[in-house]
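As structure tokens, the structure follows; a few thoughts come after it.
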Amino acid sequence: MEFSYYPGCSLEGMNKAYDKSARLVSKELGIELTELNDWNCCGASAYMSIQELRAHLLSARNLALAEKEKKDLAVVCPACLTTLTKSNRYMGEDPKLRRTIASALKAANLQYLGTVKVRHLLEVIVRDIGEQEVKAKVSRPLSDLKVAPYYGCQFTRPFGDFDDKEFPVMLDTLLKWLGAEPVNFPLRAKCCGGMLMTTNEPVGLGLVKSLLDCAAQNGAECVATICPLCHITLEAYQGNVNKRFATSYELPTLYFTQLMGLAFGFNRKELGINEELISSKHILAKHVEAV
Amino acid sequence: MNALSEERSERRAHALGNVFLHAVYSIPGGEKIKECIQCGTCSASCPTSYAMDYTPREIIAAFRAGLLERVLRSNTVWLCASCYYCTVRCPSGIKLTDIMYELKRLGVEFGLVQEGAIAPVLSKTFVDMVDRYGRVPEIPLMMTVLLKKNPLGILKMIPHGLRLFLHGRMPFLPHRISGISELEKCSGAMTDALVSGLHPGSGIGEEA
Amino acid sequence: MAEKIGVYVCHCGTNIAQTVDCKRVVDYASALPNVTVAREYQYMCSDPGQDLIKKDIKELGLTRVVVASCSPLMHEPTFRRAVEEAGLNQFLFQMANIREQCSWISENKERATEQAKSIVAAAVKRVEFQESLDVKKVPVNPNVLIVGGGITGIEAALQIADSGKKVYLVEKEPTIGGYMARFDKTFPTLDCAACILTPKMVSVGQHPNIELLSYSDVIGFSGYVGNFTARIRRRAKYVEEEECSGCGLCTEKCPVSVPSEFDCGLGKRKAIYRPFPQAVPNVPVIDKDHCLYFTKGVCKVCQKFCPRGAINFEQKETYTDLQVGTAILATGFGLFDASKVKQYGYGRLPNVITSLEFERFSHASGPTGGKILLKNGQMPTSIAILHCIGSRDTNFNEYCSRVCCMYSMKIAHLAHEKTGARVYEFYIDIRAFGKGYEEFYKRILEEETTFIRGKAAEVTDVPQTPAEKGKLVVVAEDTLLGIVRRVPVDMVVLSVGFEPRKDTIETARIFSISRSQDGFFLERHPKLAPVSTASDGIFIAGACQGPKDIPDSVAQGAAAAANALSLIDRKEVTLEPTVAFIDEKSCSGCKICIGLCAYNAITFDETKKVSKVNDALCKGCGVCVAACPSGAIEQRNFTDNQLLAEVESICATGK
Numbered sequence: 001m002e003f004s005y006y007p008g009c010s011l012e013g014m015n016k017a018y019d020k021s022a023r024l025v026s027k028e029l030g031i032e033l034t035e036l037n038d039w040n041c042c043g044a045s046a047y048m049s050i051q052e053l054r055a056h057l058l059s060a061r062n063l064a065l066a067e068k069e070k071k072d073l074a075v076v077c078p079a080c081l082t083t084l085t086k087s088n089r090y091m092g093e094d095p096k097l098r099r100t101i102a103s104a105l106k107a108a109n110l111q112y113l114g115t116v117k118v119r120h121l122l123e124v125i126v127r128d129i130g131e132q133e134v135k136a137k138v139s140r141p142l143s144d145l146k147v148a149p150y151y152g153c154q155f156t157r158p159f160g161d162f163d164d165k166e167f168p169v170m171l172d173t174l175l176k177w178l179g180a181e182p183v184n185f186p187l188r189a190k191c192c193g194g195m196l197m198t199t200n201e202p203v204g205l206g207l208v209k210s211l212l213d214c215a216a217q218n219g220a221e222c223v224a225t226i227c228p229l230c231h232i233t234l235e236a237y238q239g240n241v242n243k244r245f246a247t248s249y250e251l252p253t254l255y256f257t258q259l260m261g262l263a264f265g266f267n268r269k270e271l272g273i274n275e276e277l278i279s280s281k282h283i284l285a286k287h288v289e290a291v
Numbered sequence: 001m002n003a004l005s006e007e008r009s010e011r012r013a014h015a016l017g018n019v020f021l022h023a024v025y026s027i028p029g030g031e032k033i034k035e036c037i038q039c040g041t042c043s044a045s046c047p048t049s050y051a052m053d054y055t056p057r058e059i060i061a062a063f064r065a066g067l068l069e070r071v072l073r074s075n076t077v078w079l080c081a082s083c084y085y086c087t088v089r090c091p092s093g094i095k096l097t098d099i100m101y102e103l104k105r106l107g108v109e110f111g112l113v114q115e116g117a118i119a120p121v122l123s124k125t126f127v128d129m130v131d132r133y134g135r136v137p138e139i140p141l142m143m144t145v146l147l148k149k150n151p152l153g154i155l156k157m158i159p160h161g162l163r164l165f166l167h168g169r170m171p172f173l174p175h176r177i178s179g180i181s182e183l184e185k186c187s188g189a190m191t192d193a194l195v196s197g198l199h200p201g202s203g204i205g206e207e208a
Numbered sequence: 001m002a003e004k005i006g007v008y009v010c011h012c013g014t015n016i017a018q019t020v021d022c023k024r025v026v027d028y029a030s031a032l033p034n035v036t037v038a039r040e041y042q043y044m045c046s047d048p049g050q051d052l053i054k055k056d057i058k059e060l061g062l063t064r065v066v067v068a069s070c071s072p073l074m075h076e077p078t079f080r081r082a083v084e085e086a087g088l089n090q091f092l093f094q095m096a097n098i099r100e101q102c103s104w105i106s107e108n109k110e111r112a113t114e115q116a117k118s119i120v121a122a123a124v125k126r127v128e129f130q131e132s133l134d135v136k137k138v139p140v141n142p143n144v145l146i147v148g149g150g151i152t153g154i155e156a157a158l159q160i161a162d163s164g165k166k167v168y169l170v171e172k173e174p175t176i177g178g179y180m181a182r183f184d185k186t187f188p189t190l191d192c193a194a195c196i197l198t199p200k201m202v203s204v205g206q207h208p209n210i211e212l213l214s215y216s217d218v219i220g221f222s223g224y225v226g227n228f229t230a231r232i233r234r235r236a237k238y239v240e241e242e243e244c245s246g247c248g249l250c251t252e253k254c255p256v257s258v259p260s261e262f263d264c265g266l267g268k269r270k271a272i273y274r275p276f277p278q279a280v281p282n283v284p285v286i287d288k289d290h291c292l293y294f295t296k297g298v299c300k301v302c303q304k305f306c307p308r309g310a311i312n313f314e315q316k317e318t319y320t321d322l323q324v325g326t327a328i329l330a331t332g333f334g335l336f337d338a339s340k341v342k343q344y345g346y347g348r349l350p351n352v353i354t355s356l357e358f359e360r361f362s363h364a365s366g367p368t369g370g371k372i373l374l375k376n377g378q379m380p381t382s383i384a385i386l387h388c389i390g391s392r393d394t395n396f397n398e399y400c401s402r403v404c405c406m407y408s409m410k411i412a413h414l415a416h417e418k419t420g421a422r423v424y425e426f427y428i429d430i431r432a433f434g435k436g437y438e439e440f441y442k443r444i445l446e447e448e449t450t451f452i453r454g455k456a457a458e459v460t461d462v463p464q465t466p467a468e469k470g471k472l473v474v475v476a477e478d479t480l481l482g483i484v485r486r487v488p489v490d491m492v493v494l495s496v497g498f499e500p501r502k503d504t505i506e507t508a509r510i511f512s513i514s515r516s517q518d519g520f521f522l523e524r525h526p527k528l529a530p531v532s533t534a535s536d537g538i539f540i541a542g543a544c545q546g547p548k549d550i551p552d553s554v555a556q557g558a559a560a561a562a563n564a565l566s567l568i569d570r571k572e573v574t575l576e577p578t579v580a581f582i583d584e585k586s587c588s589g590c591k592i593c594i595g596l597c598a599y600n601a602i603t604f605d606e607t608k609k610v611s612k613v614n615d616a617l618c619k620g621c622g623v624c625v626a627a628c629p630s631g632a633i634e635q636r637n638f639t640d641n642q643l644l645a646e647v648e649s650i651c652a653t654g655k
């Protein structure tokens, strides 16, 4: 199974661990990820808030480069997923947009014919790899580690028809395959606020607090994330939440690929877990052998 | 307000409404905005509407009343976190999140944003960085925004930054992609296409 | 011998004359070959106008008539009748539409006049090739088939049976009564549903002219108007209907309890059961899938105790053919599956129920004996009723389900009466359109029901404040205030919309009727013919045609009955002769036409190896005519000669 890999800007910065762990577990599962050469930022929400057409152009260049490789595009960030998929779809539905972008791409001798599919790594693993093959790689089950599966907004909304838009279950399924126990987490697809933490901290903190409250109330020992922005929002601001709301949260936050890596037998350093801001040592010691 | 300025402000409201509607129609499925039955599902689904001056539903009501300007000048549009709940639940199939993006663009284009709002600055800085490097390094992004809006806030961020640095999560230099001039060429070609009328809608008057 | 054609150009007041120069058209027509006379008149459809035609036929011996006026849909029958009255076959008449297709779409008088001339010339050329045709008259079987024994079917059945005709009432369930039997009270009168329904049910059961086939389905339907054959499957009840006295001892003794469908799974029934105590017929049926005898070969307690020896485990399902002249479909509706809208928590959160489930709770013979109770057995102190679930929503059903506002208010009343709870209604619009409906709304307001204008976005059990702990929180924008509200309640009732039944597609196929875009059966005309279908002799009534309340369902049931009786009392129906016919010599036996015929009107003659059209079933749609690769099929009154003549004339004269 081959994909062009699109890490996204946030994996180069503060979330290298996600990139590391994603590559490791993909290799283990036989998913060949070849980083798309010279990919540019997808633009995410911010670019689209200022420029509509240039935002589509950013996606189109990535899609054109991927089409040259004749492989589908695997992403690990739902914002990249949504942004690239939106441009992909809208160009497909709107001939005027398609023509405008096509004529722009021509200036760099690029073209995009609409054949690339953009997919999130979680969806590839659960649907294409499947239970048997994942379970076969689990040498060190997570023995009932209680995990709050946090999907965030843009995994299934608005284009993710592969799972439910209100209560997705794909991550829960994967966690069970790893031997962990996904707890009941009704706020699984509720917004963490994302960039709002920077632009309107009180509102952002309120959203994060609800998520932490819900995870804690349902007995979660840690939170599993599938989005780098959700990850950093949940992890780095627990202190601020505590200050503002007089709580005392110290909930470890791990990428789903890190949890997979642990189950597959990799160590903390290999998976970048040693870079975490909130220590997961104690919970992992309880549930995962010799880590 | 005297009669002349009233007339001017009415014309301005009318013009703004027209530009907005025209742009919304160019989004696939955008014309669904006409079918809003003001049910309020969007507002109640929105995680930040409680903090908004105008709820998502009220935006469409305000547009219908020619009062879009006051919505743009409020805190509303930049509180949108693009969670897409409104879009997937709207019974009339209105793509409200895309409409929010359009409102953000309009606000920036016509200088109609809330006084002191950080979000537009963040987005504009983001765009600058993408245009310059092709990728967005997070720390320089944060630093630039803070410098512009809240220099003293940098002091608050130092403990965060230190933690990140100690955990090995601070990137250093921004990576400039080789295709950056390629992107510039494409952008240029697109502006020409717009001028020659290939694609109507916002994007004309590119400089944000 | 050359034909003698009369051409009549109508002014239609100013509708035609204002744009078309009728005199010029008349002059032009007079000069056409074989035109004996050409006249103009103000209103050709009026008596004097028609008399012009009749006089000319009699005095000038006209053999063909062309009237240039409005659309044939308006007055073709009028002129055909006039022509027949004068002794000329009605199919030797042709209409030229110079109104809808000419004067009404043109502002340029010169062009319109030229166009009118062209249209008239084409009709004149065509009519020469037309031939006399005789309408066929077939007798009408006075028996009526009614499918569905809910309130609509019951109404139709009683009306027709009372007129002396025989009714076969086929009902899928073991008893008639439909959904109405499951309701507690009905709006706006708050009549007890069972109290007003059961007398009618008893009348049906006892009526000498109604043959009730319960626990049965229609599996085949063939024939043509006035002469249909319906194939009925009578499922095995394993109880002999004639022997059973309805004493209920078998039900008492049966050891097996399963969830009751009648109670939406909230209560229990036995493996041998009557859906409810006042069932008609009052005969239980055995549920094979749960009966211990059928599943494990043991028990038979019901048979042991039955004083009349009415239990018969050897009973087989039977098939019967019924000969009827008309059919009325009153198959009713289904309800939207609320679990599709995950954000309301139906099936996930306790105490989120549907409106029908509330009815069953409220009903005196329901699973809780008429008490509204939460899962923990306590009474709710606050109830939220959420409107428009699955309706007015492009993600589910786009249409408005019409009755939900009213039944939601009824539920508010029952909730208030039985529990004293604080009742909230979350709505987008209040639709209280019927007689006494707005007054009922006022009454519910007087009972201090809290109406919040805002569609509920979600129901959550995740509390944000201490007051919300242990409660269901309804999140909605109070749009009249512009504030998003979180309202904690004990119980949430989802007002689910009506939907077409799941078997609607199958039923439509069996009866060869169409469905509209929303999936309900398609009426012939939404305003002028709401209970007829495009298939003569087949009528629809009640909720199967679209969501509606009891008064409208009963009205439609009676209307369908009237339609059926009107057809029956005519004693015979006229079949249009403009049907397809096959030239056996040209037919190659390819059978392409047979598969294309939507009315199953073409059969294959194995001996001659050619296809044959059944005149009575053929609707004259023309599909087979177009499809036949050998050109062996033509349609009477639309033959190749006629159509080509028209086309050639237009091409020669048209501008």
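Chains as they are written, first to last, in our numbering: chain A, 1 to 291; chain B, 1 to 208; chain C, 1 to 655.
Quick reminder that beta carbons are idealized off the backbone N, C-alpha and C, glycines included.
Bear in mind that the values here come from a model prediction, so they are computed numbers and not experimental data.
Segment limits, alpha helix (DSSP H) that includes residue i
i: residue 239 of chain A; result: 238–245
i: residue 624 of chain C; result: 623–627
i: residue 641 of chain C; result: 640–653
Buried versus exposed, by CB contacts within 10 Å (16 or more), residue i
i: residue 250 of chain A; result: exposed
i: residue 404 of chain C; result: buried
i: residue 119 of chain B; result: buried
i: residue 213 of chain B; result: As shown, chain B starts at 1 and ends at 208. That puts residue 213 of chain B outside it, with no answer to give.
i: residue 326 of chain C; result: buried
Alpha carbon of residue i to alpha carbon of residue j, nearest angstrom
i: residue 202 of chain B; j: residue 75 of chain A; result: Because the pLDDT of residue 202 of chain B is 42, which lies under 50, any placement of that residue in the model is unreliable, and the question is left without a value.
i: residue 207 of chain B; j: residue 20 of chain B; result: Model confidence at residue 207 of chain B stands at a pLDDT of 34, short of 50, so the residue's coordinates are unreliable; what they give is reported in the following sentence. Whole-angstrom Cα-Cα distance: 18 Å.
i: residue 294 of chain A; j: residue 222 of chain A; result: Residue numbering for chain A in the displayed model covers 1 to 291; residue 294 of chain A lies beyond these limits and cannot be assessed.
i: residue 367 of chain C; j: residue 148 of chain C; result: 26 Å
i: residue 292 of chain A; j: residue 280 of chain A; result: As shown, chain A starts at 1 and ends at 291. That puts residue 292 of chain A outside it, with no answer to give.
i: residue 740 of chain C; j: residue 167 of chain A; result: Not covered by the structure: residue 740 of chain C. The range shown for chain C is 1 to 655.
i: residue 441 of chain C; j: residue 172 of chain A; result: 46 Å
Cutoff 8 Å: residue i Cβ touching any chain B Cβ
i: residue 255 of chain A; result: no
Boundaries (first-last residue) of the beta strand (DSSP E) holding residue i
i: residue 161 of chain A; result: That residue, residue 161 of chain A, is in no beta strand (DSSP E); it is neither H nor E in DSSP.
i: residue 301 of chain A; result: Only positions 1 to 291 of chain A appear in this structure, which leaves residue 301 of chain A out of reach.
i: residue 612 of chain C; result: 610–613
Short CB-CB distance (under 8 Å) between residue i and chain C
i: residue 53 of chain A; result: no
i: residue 186 of chain A; result: yes
Below-8 Å beta-carbon distance, residue i vs any chain A residue
i: residue 56 of chain B; result: no
i: residue 455 of chain C; result: no
Sequence-distant residues of its chain with Cβ nearer than 7 Å to residue i (five each side left out)
i: residue 331 of chain A; result: Nothing can be reported for residue 331 of chain A, as the shown portion of chain A is limited to 1 through 291.
i: residue 67 of chain A; result: 112, 113, 115, 116
Beta-carbon proximity list for residue i, same chain, < 6 Å, skipping 5 on both sides
i: residue 399 of chain C; result: 518
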